[in-house]
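Start counting at 1 in the sequence shown, then tack on 15, and there's your number in our numbering.
For every residue, glycine included, the Cβ atom is placed at its ideal position computed from N, Cα and C.
These notes concern the structure reproduced below.
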Amino acid sequence: MPMKAISPTSTAIIIHSHHHSVNHHRWFLSLSPRPQRQQHQHEHLTRSTPKPHSLKLTFITKAADSTSRPSSSVAKTIVTDDGFSFSKLSFGVIGLGVGISLLLYGFGAYFNFLPGSEWSAIMLTYGFPLAIIGMAFKYAELKPVPCLTYSDAQMLRETGATPILKQVKSDVTRYRYGDEQHLDEALKRIFQYGQGGGIPRRSAPILQMIREEVTEDGKYCLVLVFEAKALQLLDFEQRQAKFASFFGPGITAEVGKGENNIYEVRLISNSTSNASAS
16 MPMKAISPTS
26 TAIIIHSHHH
36 SVNHHRWFLS
46 LSPRPQRQQH
56 QHEHLTRSTP
66 KPHSLKLTFI
76 TKAADSTSRP
86 SSSVAKTIVT
96 DDGFSFSKLS
106 FGVIGLGVGI
116 SLLLYGFGAY
126 FNFLPGSEWS
136 AIMLTYGFPL
146 AIIGMAFKYA
156 ELKPVPCLTY
166 SDAQMLRETG
176 ATPILKQVKS
186 DVTRYRYGDE
196 QHLDEALKRI
206 FQYGQGGGIP
216 RRSAPILQMI
226 REEVTEDGKY
236 CLVLVFEAKA
246 LQLLDFEQRQ
256 AKFASFFGPG
266 ITAEVGKGEN
276 NIYEVRLISN
286 STSNASAS
């Protein structure tokens, strides 16, 4: 903070500048009556002090940063799947809900807490096995993975996606029963669990979500997003050809690594219009 006193009898002139932030740049000026000669000397010294920053230049720089983002990043829109489908229903939840409801009402009617005592035996007879079946389905249930679909990929899916890619999307976005994980058979063949050159089954990647998008050259692409804490990118790169072969024909596979043990396998259809898909 530079300080300069013009006269022993005059009030001090304090010039304060903050070099780190233009918004906090301030000038404090206090003058008391002084001779004309001293006042001219003060004005000369004040004008000769260099300005630390240019306010106009700073705002121009910030404006350039805010407008430097590519417009294509906001061009895509995400399509939400709000339609009804039986694949979105859990047989475990349905079985448990119906079975427990029949059991509760059957017991209430049997002890005359609820009307319909003549139907209590039937409700108890069917309610108990339905509840058991519902619990079994719930135990063996594999929930669907989230699917992120862009509008351009949705329009291209029917003509650009291969039948296998369509089947993969359908399989992993519905409830499954008895499978340890989604794409279990495919991953078993690609990573060769417990075999020479393979990986232990406990290290198998787990499918977290899928994404439908369109490549820069206009091809349909289904992205499989895995979490694999015990694997490296090299483990996926060594099996890139196997991904293309298993999900082929007409598929090119690309692999990449994200953050927090996330890996992506991009299954790209080699044609923008696939006649066999119709």
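For this session: Compute the Euclidean distance between the alpha carbons of Ser-218 and Val-280, then round it to the nearest angstrom.
Result: The residue you call residue 218 lines up with position 203 of the sequence shown. The residue you call residue 280 lines up with position 265 of the sequence shown. Rounded to the nearest angstrom, the two C-alpha atoms are 17 Å apart.
For this session: Tell me whether the beta-carbon of Asn-285 lies closer than 9 Å to the beta-carbon of Lys-244.
Result: By one-based count along the sequence shown, residue 285 stands at place 270. By one-based count along the sequence shown, residue 244 stands at place 229. Cβ distance not < 9 Å, so Asn-285 and Lys-244 don't count as in contact.
Problem set entry | Residue span of the alpha helix (DSSP H) that contains Arg-204, given as start and end | Position 189 of the sequence shown holds residue 204. 199-206 is the span of the alpha helix (DSSP H), which, as asked, contains Arg-204.
Exercise. For Lys-91, does the three-state DSSP call read helix, strand or coil?
Worked result: Residue numbering aside, residue 91 sits at position 76 when the sequence shown is read from its first letter. Lys-91 falls in the coil class under three-state DSSP.
Exercise. Taking C-beta to C-beta, are Gly-110 and Met-150 nearer than 9 Å?
Worked result: Your numbering for residue 110 matches position 95 in the sequence shown. Your numbering for residue 150 matches position 135 in the sequence shown. Yes, they are a contact pair.
Exercise. Leu-60 by DSSP, collapsed to three states: which one?
Worked result: Here residue 60 corresponds to residue number 45 of the sequence shown, with the count starting at 1. Residue placement at Leu-60 cannot be trusted, given a pLDDT of 39 that sits under 50; what the coordinates show is reported in the next sentence. Residue state, collapsed to three classes: helix.
For this session: Take the Cβ of Phe-206 as the centre, count every other Cβ of all protein chains shown within 10 Å, and call the residue buried at 16 or more, exposed below.
Result: Locating residue 206 in the sequence shown gives position 191, where the first residue counts as 1. It counts as buried.
Exercise. Which residues bound the beta strand (DSSP E) around Ser-284?
Worked result: Against the sequence shown, residue 284 aligns to sequence position 269. Here the beta strand (DSSP E) through Ser-284 covers 277-284.
Problem set entry | Range of the contiguous beta strand (DSSP E) that encloses Leu-171 | Working through the sequence shown from its first residue, we reach residue 171 at position 156. Leu-171 -> not in any beta strand (DSSP E); alpha helix (DSSP H) instead, spanning 166-175.
For this session: Check the C-beta distance from Gln-196 over to Ile-221 and give it rounded, since I have them as a contact under 8 Å.
Result: Indexing the sequence shown from 1 puts residue 196 at position 181. Indexing the sequence shown from 1 puts residue 221 at position 206. The Cβ separation is near 6 Å, so the contact holds.
Exercise. With respect to the alpha helix (DSSP H) encompassing Gly-123, which residues constitute its N-terminal and C-terminal limits?
Worked result: As a working note, residue 123 is residue 108 in the sequence shown. Its alpha helix (DSSP H) spans residues 106-125.
Problem set entry | Touching by the beta-carbon criterion (3+ pairs, under 8 Å), the segment 132-147 and the segment 111-120 | yes
Exercise. How long is the line joining the alpha carbons of Cys-162 and Glu-227, rounded to whole angstroms?
Worked result: For the purposes of this step, residue 162 is taken as residue 147 along the sequence shown, with counting starting at 1. For the purposes of this step, residue 227 is taken as residue 212 along the sequence shown, with counting starting at 1. Taking the straight line from one Cα to the other gives about 8 Å.
For this session: Please classify Thr-177: is it buried, with 16 or more other beta-carbons within 10 angstroms of its beta-carbon, or exposed?
Result: Residue mapping note: residue 177 aligns to position 162 of the sequence shown, counting from 1. So Thr-177 counts as buried.
Problem set entry | Nearest to Ser-105 (by Cα), restricted to the options Leu-180, Leu-282 and Arg-189 | Stepping through the sequence shown from its first residue, residue 105 is reached at position 90. Checked all of Leu-180, Leu-282 and Arg-189; the closest Cα to Ser-105 is Arg-189.
Exercise. Roughly how many angstroms lie between the CA atoms of Leu-248 and Glu-274, to the nearest whole one?
Worked result: Walking along the sequence shown from the start, residue 248 turns up at place 233. Walking along the sequence shown from the start, residue 274 turns up at place 259. Cα to Cα, the separation comes out at about 12 Å.
Exercise. Name the DSSP bridge partner or partners of Thr-267?
Worked result: Taking the sequence shown and counting its residues from 1, one reaches residue 267 at position 252. The partner list for Thr-267 (beta bridge, DSSP) reads Ile-283.
Problem set entry | CB-CB length for Tyr-192 against Leu-157, believed under 8 Å | On the sequence shown, residue 192 is found 177 positions in, with the first residue counted as 1. On the sequence shown, residue 157 is found 142 positions in, with the first residue counted as 1. Yes, Tyr-192 and Leu-157 are in contact; Cβ-Cβ is about 7 Å, under 8 Å.
Exercise. Would Phe-283 be called buried (16 or more neighbouring beta carbons within 10 Å of its own) or exposed?
Worked result: By one-based count along the sequence shown, residue 283 stands at place 268. The displayed chain sequence assigns Ile, not Phe, to residue 283. Per the 10 Å Cβ criterion, buried.
For this session: Quickly, what does DSSP pair Arg-191 with across the bridge? List them, please.
Result: As a first step, residue 191 is located in the sequence shown; it is residue number 176 there, counting from the start. In DSSP, Arg-191 forms a bridge with Leu-157.
Problem set entry | Simplified DSSP assignment, three categories, for Arg-226 | The residue labelled residue 226 in the question sits at position 211 within the sequence shown. Arg-226 falls in the strand class under three-state DSSP.
Problem set entry | CB contact flag (Leu-180, Tyr-235, <9 Å) | Here residue 180 refers to the residue found at position 165 when the sequence shown is read from its first residue. Here residue 235 refers to the residue found at position 220 when the sequence shown is read from its first residue. Going by C-beta atoms, Leu-180 is nearer than 9 Å to Tyr-235.
For this session: Alpha carbon to alpha carbon, how far is Phe-143 from Asn-127? Give it in angstroms, no decimals.
Result: As a working mapping, residue 127 is identified with position 112 in the sequence shown. As a working mapping, residue 143 is identified with position 128 in the sequence shown. Looking at the two C-alpha atoms, the distance is approximately 19 Å.
For this session: Can you give me the Cβ contacts of Thr-164 inside the same chain, cut-off strictly under 6 Å, excluding the 5 residues immediately before and after it?
Result: In the sequence shown, residue 164 corresponds to position 149, counting from 1. Correct list, in chain order: Val-94 and Glu-227.
Exercise. Are Phe-261 and Arg-204 touching if we call contact CB-CB under 9 Å?
Worked result: The residue you call residue 261 lines up with position 246 of the sequence shown. The residue you call residue 204 lines up with position 189 of the sequence shown. Yes.
Exercise. The beta strand (DSSP E) with Phe-251 in it runs from where to where?
Worked result: In the sequence shown, the residue the question calls residue 251 occupies position 236. Per DSSP, Phe-251 belongs to no beta strand (DSSP E); it is in the alpha helix (DSSP H), 248-252.
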